[in-house]
Amino acid sequence: MMQQYWKLKNQHLDQLMFYRMGDFYEIFYEDAKKAAKLLDITLTARGQSAGQSIPMCGIPYHAAEGYLAKLVKLGESVVICEQIGDPATSKGPVDRQVVRIITPGTISDEALLDERRDNLIAAVLGDERLFGLAVLDITSGNFSVLEIKGWENLLAELERINPVELLIPDDWPQGLPAEKRRGARRRAPWDFERDSAHKSLCQQFSTQDLKGFGCETLTLAIGAAGCLLGYAKETQRTALPH
Numbered sequence: 011m012m013q014q015y016w017k018l019k020n021q022h023l024d025q026l027m028f029y030r031m032g033d034f035y036e037i038f039y040e041d042a043k044k045a046a047k048l049l050d051i052t053l054t055a056r057g058q059s060a061g062q063s064i065p066m067c068g069i070p071y072h073a074a075e076g077y078l079a080k081l082v083k084l085g086e087s088v089v090i091c092e093q094i095g096d097p098a099t100s101k102g103p104v105d106r107q108v109v110r111i112i113t114p115g116t117i118s119d120e121a122l123l124d125e126r127r128d129n130l131i132a133a134v135l136g137d138e139r140l141f142g143l144a145v146l147d148i149t150s151g152n153f154s155v156l157e158i159k160g161w162e163n164l165l166a167e168l169e170r171i172n173p174v175e176l177l178i179p180d181d182w183p184q185g186l187p188a189e190k191r192r193g194a195r196r197r198a199p200w201d202f203e204r205d206s207a208h209k210s211l212c213q214q215f216s217t218q219d220l221k222g223f224g225c226e227t228l229t230l231a232i233g234a235a236g237c238l239l240g241y242a243k244e245t246q247r248t249a250l251p252h
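Numbered per this note's numbering, the sequence shown spans residues 11 to 252.
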């Protein structure tokens, strides 16, 4: 079973994994230590690996919503791994797969949202002179793009909209001002590639170009928007309705 766990976990090393086992979501290894501390739940152990006990904690499936809400408010992302096979007919470990990734900026469940603020996620691309910024509210489908001159203006805009997540290119130098914001996450440079982004946006909005949105020439903003759209699809694990 732990081989199956690691096959899935290795694809999501920087996120907590809720691993469905019967009526519980089990959490293992370093995830368990972190979750036990953040959620104030008991840390136990299960079996051994390489001669060491495997740290573990768990939460009841029916009570998961409350725990997820707490983790999201703390800025954590959670990978939901469900059983998709039938335990009665499975000859080995029950088949499991990741069905959803819950992140602070891509939640749409009302029970997990903070009603007192907009739940925005943003992506930014550019250099010190010019930046493209894309902003998405996944609950309403509001999606906007703009280009901004200079760090000072970019940081002022980020302060104004206050996104809960901010996607930045992984090839940006470490320690840039935008990275210091809570919820900043690095993404692969090719996630921001302009031509791929243009194609994905046109497919999403069922159009041949972006002229009708007034952003056809905003190359940096289109790259940021493509990354943002890809991230939303990746976490939702389904086509976006908007």
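Every residue gets a Cβ at the ideal spot worked out from N, C-alpha and C, and that includes glycine.
If contacts are defined as beta-carbon pairs under 8 angstroms, then residue 89 and residue 27 qualify, I think. What distance do you get, rounded to the angstrom?
Numbered from 1 along the sequence shown, position 79 holds the residue referred to as residue 89. Numbered from 1 along the sequence shown, position 17 holds the residue referred to as residue 27. About 5 angstroms; that satisfies the 8 angstroms criterion.
Tell me the rounded alpha-carbon separation between residue 29 and residue 215.
In the sequence shown, residue 29 corresponds to position 19, counting from 1. In the sequence shown, residue 215 corresponds to position 205, counting from 1. Distance between the alpha carbons of residue 29 and residue 215 is about 35 angstroms.
Give the secondary structure of residue 100 by DSSP, where H, G and I count as helix, E and B as strand, and everything else as coil.
Working through the sequence shown from its first residue, we reach residue 100 at position 90. Coil, per DSSP.
So, are the CB atoms of residue 171 and residue 189 less than 8 angstroms apart?
Residue mapping note: residue 171 aligns to position 161 of the sequence shown, counting from 1. Residue mapping note: residue 189 aligns to position 179 of the sequence shown, counting from 1. The answer is no: Cβ separation not under 8 angstroms.
Buried or exposed for residue 116, going by 16 or more other Cβ atoms inside 10 Å?
Here residue 116 is taken as the residue at index 106 of the sequence shown, counted from 1. Classification for residue 116: buried.
Quick check: the Cα distance between residue 156 and residue 208, rounded to an integer number of angstroms?
Position 146 of the sequence shown, counting from 1, holds the residue named residue 156. Position 198 of the sequence shown, counting from 1, holds the residue named residue 208. Distance between the alpha carbons of residue 156 and residue 208: 15 angstroms.
With a threshold of 16 other CB atoms inside 10 Å of the CB of residue 99, please say whether the residue is buried or exposed.
For the purposes of this step, residue 99 is taken as residue 89 along the sequence shown, with counting starting at 1. Exposed, since its Cβ has fewer than 16 Cβ neighbours within 10 Å.
Would you mind reading off the limits of the alpha helix (DSSP H) that contains residue 170?
Locating residue 170 in the sequence shown gives position 160, counting from the first residue. Counting along the chain, the alpha helix (DSSP H) containing residue 170 begins and ends at 161-171.
Could you tell me whether the Cβ atoms of residue 103 and residue 21 are closer together than 8 angstroms?
One-based indexing of the sequence shown puts residue 103 at position 93. One-based indexing of the sequence shown puts residue 21 at position 11. It is not a contact, given that the beta carbons lie outside the stated cut-off.
Identify whether residue 228 lies in helix, strand or coil by the three-state DSSP scheme.
The residue you call residue 228 lines up with position 218 of the sequence shown. Coil.
So, do the stretch 229-239 and the stretch 128-135 have three or more beta carbon pairs nearer to each other than 8 angstroms?
yes
Could you work out which residue in 32, 61, 56, 66 is closest to residue 47 when comparing CA atoms only?
Residue mapping note: residue 47 aligns to position 37 of the sequence shown, counting from 1. It is 66.
Out of 109, 79, 84, which has the shortest C-alpha to C-alpha gap to residue 91?
Position 81 of the sequence shown holds residue 91. Minimum Cα distance to residue 91 is reached at 109.
For residue 235, which of helix, strand or coil comes out of DSSP?
On the sequence shown, position 225 is the one that residue 235 refers to. Note: residue 235 maps to helix in three-state DSSP.
Using the C-alpha atoms, what's the distance from residue 222 back to residue 18?
Position 8 of the sequence shown, counted from the start, is the residue given in the question as residue 18. Position 212 of the sequence shown, counted from the start, is the residue given in the question as residue 222. Their backbone Cα atoms lie some 41 angstroms apart in a straight line.
Measuring alpha carbon to alpha carbon, tell me which residue in 187, 152, 165 is nearest residue 242.
Against the sequence shown, residue 242 aligns to sequence position 232. Closest option to residue 242, Cα to Cα, is 152.
Express the C-alpha separation of residue 139 and residue 107 in angstroms, rounding to a whole number.
If you number the sequence shown from 1, residue 107 lands on position 97. If you number the sequence shown from 1, residue 139 lands on position 129. Their backbone Cα atoms lie some 43 angstroms apart in a straight line.
Looking only at DSSP bridge pairs, what is residue 215 linked to?
In the sequence shown, residue 215 corresponds to position 205, counting from 1. Its beta-bridge partners do not exist; DSSP assigns none.
In three-state terms, what does DSSP make of residue 187?
Within the sequence shown, the letter at position 177 stands for residue 187. It is helical.
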